[in-house]
Every structure is written in structure tokens, then in C-alpha cells.
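Count along the sequence shown from 1, add 1, and you get the number used in this note's numbering.
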Amino acid sequence: MDGSVASRRRTGFHALRVAEVDRLCEDAAAVTFDVPPELAAEFAFRPGQSLTLRRTGADGEHRRSYSICAPVGERPRIGVRLVPDGVFSAWLVHEVRPGDLIEVQPPSGSFTPDLSAPGRHVLIAAGSGITPVLSIAASLLRESGSEVTLVYGNRRSDTVMFADELADLKDRYPARLDLVHVLSREPRESELVSGRLDAAKLRALLGALVPVDGDAHWWLCGPYGLVTGAQDVLTGLGVAPDQVHQELFYVDEPLPNPIRPEDAPPPGARSEVTVVLDGRTSTLSLPRDVPVLDGAQRARPDLPFACKGGVCGTCRAKVTSGEVAMRRNFALERSEVDAGFVLTCQSLPTTDQLTVDYDT
């Protein structure tokens with residue numbers, strides 16, 4: 002992972018002015034923010050990171066996490082696709098205009114490559130999963146001299162987000178970028194690039210168009226079925242787990258419960274939980290049957306979060322003492338979990354004392 006931007010958690014929201022709103026297709030738009038000079042360091046981002054936006058209305062506070070689609074070094078720009086009955090996405094796609102102020106949290110996330118050395122990268126995305134992948138591809142091509150293969154699945158050509166930007170990248174780096182569009186509801190010149198981008202389609206593509214070797218890094222972004230299917234295919238082809246990186250945009254899977262009934266905490270059981278955030282330490286008595294984030298928010302409303310579903314990774318923190326049971330994880334890589342990182346929105350305290358550090 003690229004360590005060029007400080008990893009210390011920065012959690013405060015800032016009112017950023019919208020610079021541009023670009024229509025990408027009928028149901029999607031890109032929103033670019035102006036960052037004042039005094040916040041430039043705080044909003045410097047790595048490719049593949051995301052921004053959490055906050056909006057407060059009559060029905061309370063809403064937060065959503067959106068991936069940055071701009072190359073590293075440019076103004077932060079997010080891609081937004083309209084979600085059915087999505088109040089936040091509908092507002093961004095249809096109502097937000099240049100000049101509006103939006104509350105934005107500084108960038109976060111670890112779905113980001115190392116730009117310090119050239120290499121080979123294969124990026125697989127579907128639908129709005131292209132948003133962080135576009136940032137990763139453009140940054141790798143411009144900054145590292147890497148070779149990039151991008152496989153992108155959509156329904157039809159008129160639903161392709163960032164179609165012009167992708168075509169421009171291909172024109173600018175014809176020798177180092179292979180771009181493969183797969184459409185499920187529109188006939189293509191080849192059966193190989195027609196149909197749903199699922200495990201079977203990927204297996205055929207990897208055998209015919211995309212070489213598989215031991216050196217490439219693989220970046221998977223999209224719905225749960227695509228990402229898990231791609232992981233299974235790559236595992237079967239012998240790709241090392243530490244070379245496969247994932248980010249999910251939504252999950253329909255039921256919430257697993259790792260705690261067996263006999264291991265459940267006794268009624269009323271509590272833990273002494275120490276929370277470290279932005280250099281400030283708070284020690285709280287929290288119930289063991291409530292996630293750390295939910296329990297600690299009453300005393301620390303500044304704790305970072307967005308989806309609270311174990312998907313976005315905004316609430317990531319490191320357990321430095323004690324233990325937790327993490328019910329669900331669709332955001333952290335195995336190496337992060339092995340290093341002690343957890344999603345606090347999904348983590349139940351299991352020891353008498355626990356310390357979680359958001360600044361690590």
C-alpha cells in the first residue's frame with residue numbers, strides 16, 4: 002500500500018464547495034469539490050480512497066461513503082449512481098449544483114495500490130464499482146509506468162459510467178492499458194465479451210484475453226457476487242491471496258453471528274473500552290452485546306462511520322489490547338485483520354478491557 006499520505010485518522014467534517022457536476026449517464030453523475038488551500042493536506046488522497054458525505058435534514062442525519070474517481074493529485078471527485086429509493090444519491094445526482102456546500106470528511110480507505118514502483122495490475126469492476134478503479138488505473142498509468150488491464154461489466158453501453166474518461170485513458174496509454182468492456186444486455190462483436198460478468202465469464206476471459214501470472218495485483222470492485230466469484234476463480238488459478246484486493250459497494254448477504262449461544266455474554270455484561278481518536282482518549286463502560294461504535298458514540302459522537310454494515314471501512318480501527326468478535330467484514334483485507342484492525346461497527350467486546358485506536 003502507498004504510504005505517501007499520512008495514515009493518521011482525520012475525522013472532522015468540512016463544508017466543501019461543489020466545483021462541477023458532470024452527468025455520466027442517465028442515472029449517474031460525478032461531483033467535483035474545491036478544496037481551500039488550508040485543507041489541501043487534509044484532503045490529499047490515495048487512489049481508491051473514499052469520502053464520507055453528511056447531510057442533515059428534518060428526518061435527521063444521513064451519511065454515505067463515495068469512492069474518489071480522480072487520479073491522485075487532482076481535486077477530489079466522486080462518482081454517484083442513483084440507488085432505488087436512495088434519498089442521498091437522488092439528491093447528489095438530481096439536485097446538487099456547482100456552488101453548493103456539502104459536509105465532507107477527509108479521505109479514508111486502504112483499497113489503494115503502491116505507486117512507487119511499476120508493476121502489472123488487473124482491475125475487475127461492474128457498474129458503479131468503476132469509481133475507485135478509475136482512480137487506481139489513471140494513477141498507476143500516470144505515476145508508476147505500470148501495465149494495467151481493466152475488465153468492466155455493465156448492462157448496456159449507455160449505462161457505462163466514465164465512458165469518455167476510459168476512452169481517453171486508452172488513447173493516452175495504448176501500449177500499457179488493455180480495456181475490456183463486457184455488456185450483459187447488448188450484443189457485442191464477440192460472445193466472449195457478451196453476457197453477465199460473473200465467475201464463469203471471468204474464467205473464460207482470464208483464459209483467453211487476460212493472462213494470469215504470479216506477479217500481477219488484482220483489484221476487484223462491485224457487488225458481492227462479482228467480488229466473491231472473482232476471488233474463487235483467482236484462488237483456483239493459484240493467485241496468492243495477498244495479491245487480491247477487494248472493495249464492495251453493497252452486500253445482500255445475511256449478517257453472520259460468530260458467537261455461539263454458549264459463548265454469548267451474560268446479561269448485563271460490560272467491558273471497559275478505551276477509544277483513541279485524533280489524539281484524544283476516552284474510557285467508557287460499554288455493554289458487550291452492542292458494537293463498539295454504537296456504544297461509544299454516545300460519549301464520542303465524532304467517531305467516523307458511514308454505512309454501519311461492514312462494507313465501507315470508514316470505522317476501521319486497531320485493537321491494541323483486549324479482544325472483539327467481528328460479526329461481519331466486507332471491507333478489510335486479511336493482512337489488515339491479521340494486524341489487529343477491525344470494523345468497530347461490527348465488533349462486540351469480549352474481554353473485560355479493550356482499547357481501539359482510530360489513529361493507527
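All C-beta atoms, glycine included, are put in the ideal place defined by N, C-alpha and C.
These figures come from a predicted structure and were not determined experimentally.
Residue environment, residue i, which counts as buried when at least 16 other CB atoms sit within 10 Å
i: residue 95; result: exposed
i: residue 256; result: Model confidence at residue 256 stands at a pLDDT of 49, short of 50, so the residue's coordinates are unreliable; what they give is reported in the following sentence. By the 10 Å Cβ count, residue 256 comes out exposed.
i: residue 140; result: buried
i: residue 166; result: buried
i: residue 347; result: buried
i: residue 108; result: buried
i: residue 13; result: exposed
i: residue 49; result: buried
i: residue 98; result: exposed
i: residue 100; result: exposed
i: residue 41; result: exposed
i: residue 335; result: exposed
Whole-angstrom C-beta distance between residue j and residue i, which should lie under 8 Å
i: residue 213; j: residue 178; result: With a Cβ gap of about 18 Å, residue 213 and residue 178 do not count as contacting.
i: residue 314; j: residue 333; result: 7 Å
i: residue 195; j: residue 189; result: 4 Å
i: residue 426; j: residue 294; result: Because the chain in this structure spans residues 2 to 361, residue 426 falls outside the shown range and cannot be described.
i: residue 114; j: residue 137; result: 6 Å
i: residue 147; j: residue 122; result: 6 Å
i: residue 319; j: residue 282; result: Their Cβ separation, rounded to whole angstroms, is 14 Å, which puts residue 319 and residue 282 out of contact at 8 Å.
i: residue 134; j: residue 142; result: With a Cβ gap of about 12 Å, residue 134 and residue 142 do not count as contacting.
i: residue 231; j: residue 200; result: 7 Å
CA-to-CA distance, residue j to residue i, given in whole angstroms
i: residue 330; j: residue 311; result: 5 Å
i: residue 300; j: residue 34; result: 31 Å
i: residue 326; j: residue 349; result: 5 Å
i: residue 44; j: residue 191; result: 43 Å
i: residue 23; j: residue 161; result: 14 Å
i: residue 55; j: residue 154; result: 30 Å
i: residue 247; j: residue 209; result: 23 Å
i: residue 68; j: residue 78; result: 8 Å
i: residue 242; j: residue 186; result: 32 Å
i: residue 321; j: residue 290; result: 20 Å
i: residue 127; j: residue 268; result: 44 Å
i: residue 38; j: residue 17; result: 12 Å
i: residue 215; j: residue 237; result: 13 Å
i: residue 171; j: residue 151; result: 10 Å
i: residue 240; j: residue 58; result: 47 Å
i: residue 83; j: residue 63; result: 16 Å
Three-state secondary structure (DSSP) of residue i
i: residue 45; result: coil
i: residue 278; result: strand
i: residue 222; result: strand
i: residue 373; result: Because the chain is modelled from 2 through 361, residue 373 falls outside the range shown and cannot be assessed.
i: residue 367; result: Because the chain spans 2 through 361 in this model, residue 367 falls outside it and cannot be assessed.
i: residue 171; result: helix
i: residue 237; result: helix
i: residue 335; result: helix
i: residue 305; result: coil
i: residue 27; result: coil
i: residue 134; result: helix
i: residue 166; result: helix
i: residue 293; result: helix
i: residue 298; result: coil
i: residue 256; result: Interpretation of residue 256 is limited by its pLDDT of 49, a score under 50 that renders its predicted location unreliable; the figure taken from the coordinates is listed afterwards. Note: residue 256 maps to coil in three-state DSSP.
i: residue 129; result: helix
i: residue 116; result: coil
i: residue 145; result: helix
i: residue 349; result: strand
i: residue 185; result: coil
i: residue 139; result: helix
Paired residues, beta bridge with residue i - DSSP
i: residue 288; result: 271
i: residue 151; result: 124, 180
i: residue 1; result: This structure leaves residue 1 out entirely; the chain is present only between 2 and 361.
i: residue 319; result: 342, 358
i: residue 109; result: 51
i: residue 232; result: Answer by DSSP bridge pairing: none, since residue 232 is not bridged.
i: residue 34; result: 19
i: residue 63; result: 56
i: residue 82; result: 29
i: residue 102; result: 18
i: residue 93; result: Paired residues: none, contrary to the question.
i: residue 247; result: 221
i: residue 213; result: Residue 213 is not bridged to any residue.
Any non-hydrogen atom of the ligand GDP closer than 7 Å to residue i Cβ
i: residue 283; result: Judged by which ligands are present, the structure shown has none, so any question about the ligand GDP falls away.
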